[in-house]
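Using the working numbering, the first residue of the sequence shown is number 66, and each one after it goes up by one. Here a beta-carbon is modelled for each residue, glycine too, at the ideal position from N, C-alpha and C. Owing to the predicted nature of the structure, the values given are computational and were not obtained by experimental measurement.
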Amino acid sequence: MQGFNMSFLNRVLKSSVVCMVLAGCATIPISSRYKLRNFDLTTTDVARLRVAIQVPRFVKVRPEDARLAVSARVEGGSYHQTQSFILEEVKLAGESDLPTPDKWTNVAGYRIAPQDIDRLRKFREAVARLKSRHGDNVK
């Protein structure tokens, strides 16, 4: 019975560590949130949009897993839509704002995949039409 409890505890602890690491990978640092406060998708050239991520070295991001999710909703209304766009890895040589990887992390840069750029532009236009009808209630 004691062996079962230790085995179970060991699995729970390992699972907890994995969950904490993955949760940390899915967050945006406060300093980045501050820089993004004025980001406006309606005025951004989506073909030039770049995203950098910093992950632990043991985390491998597969090409089909790198995505950008964009949501729009009317506050207090029934409209809510989320679109997911494929990201493809690009070299970000010469970018000064990139995080500096340490011995435990990798930094990778991504852009919207060319096949998704038109779809993102159409989604952006749909959100602009919503804003023209619902004003600041569109989030």
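Go to residue 193, then tell me how far its alpha helix (DSSP H) extends in each direction, as first and last residue.
That run of the alpha helix (DSSP H) goes 179-199.
Reducing DSSP to helix, strand and coil, say where residue 144 ends up.
DSSP, reduced to helix, strand and coil, places residue 144 outside both helices and strands of the structure shown, so it counts as coil.
Counting beta carbon pairs with one atom in the stretch 108-118 and one in the stretch 161-180, are three or more of them shorter than 8 angstroms?
yes
At what residues does the beta strand (DSSP E) containing residue 121 begin and finish?
Segment 115-121, the beta strand (DSSP E) holding residue 121.
Which residue from 190, 150, 105 puts its Cα closest to that of residue 134?
150
Can you give me the C-alpha to C-alpha distance between residue 172 and residue 129, rounded to a whole angstrom?
17 angstroms
From this set, 192, 131, 200, which residue's C-alpha is nearest residue 108's C-alpha?
192
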